[in-house]
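Working notes, beginning with the structure itself.
Rendered as C-alpha cells:
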C-alpha cells in the first residue's frame with residue numbers, strides 16, 4: 013500500500029487546506045481535518061492518474077513523515093502505480109507489456125487505469141511479464 017504524506021493548513025475561512033509535498037499539483041480542502049484527509053485521497057489519485065495519462069514520472073512516497081499526516085491509497089491503486097513506475101524504469105510501453113503478456117492493448121491500458129477494477133491475477137501477470145514478483149505482507153496500521 014502506498015502512503016503519501018500531506019500537510020494540513022487552516023485557512024482564513026475555517027477550511028483546512030491540503031497539500032502533498034511529493035505531488036505539488038495536489039491541492040484540496042475540507043471542513044475539518046478528517047474531511048480534508050478524505051478529499052486528499054481523491055486528489056492524490058487524480059494527480060497520479062494524470063501523471064500516468066501524460067506519461068510523467070511518479071514520485072513514490074517519502075519514507076520520512078516529519079510529523080505530517082498520512083493518506084493511504086488502496087492496494088489496487090498502489091499496485092497500478094508501482095506497475096507504471098516499473099514500466100517507466102524499464103522503458104516498457106503499454107504495447108510492449110501487452111505483447112509480453114499476450115493480451116490486447118486495451119487490457120494493458122486498463123491495468124494502468126486507476127478507475128478500473130483490475131483482477132489481482134492480471135496485475136500479478138503484468139509484474140511477472142516485467143520480471144518482478146508481487147509480495148504480500150500483513151501489518152498493523154500503526155506500524156506504517
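Numbering (our numbering), first residue to last: 13 to 156.
Where a beta carbon is used, it is the ideal one built from N, C-alpha and C, also for glycine.
State the start and end residues of the unbroken beta strand (DSSP E) segment that holds residue i.
i	result
residue 84	81-84
residue 15	15-22
residue 30	28-31
Return helix, strand or coil for residue i, following the three-state DSSP convention.
i	result
residue 116	coil
residue 90	helix
residue 105	coil
residue 146	coil
residue 153	helix
residue 157	This structure cannot settle anything about residue 157, because the visible part of the chain is limited to 13 through 156.
residue 131	coil
Which residue wins for smallest C-alpha separation from residue i, given the options the options?
i	options	result
residue 145	20, 95, 121	95
residue 44	55, 140, 28, 78	28
residue 79	142, 17, 143, 153	17
residue 37	54, 135, 25, 123	54
residue 49	117, 102, 22, 140	22
Kindly indicate the opening and closing residues of the alpha helix (DSSP H) around residue i.
i	result
residue 42	Here residue 42 belongs to no alpha helix (DSSP H); instead the beta strand (DSSP E) covers 39-42.
residue 70	First-last for residue 70: undefined, no H or E at that position.
Any idea if residue i is buried or exposed, counting beta-carbon neighbours within 10 angstroms, 16 or more meaning buried?
i	result
residue 105	exposed
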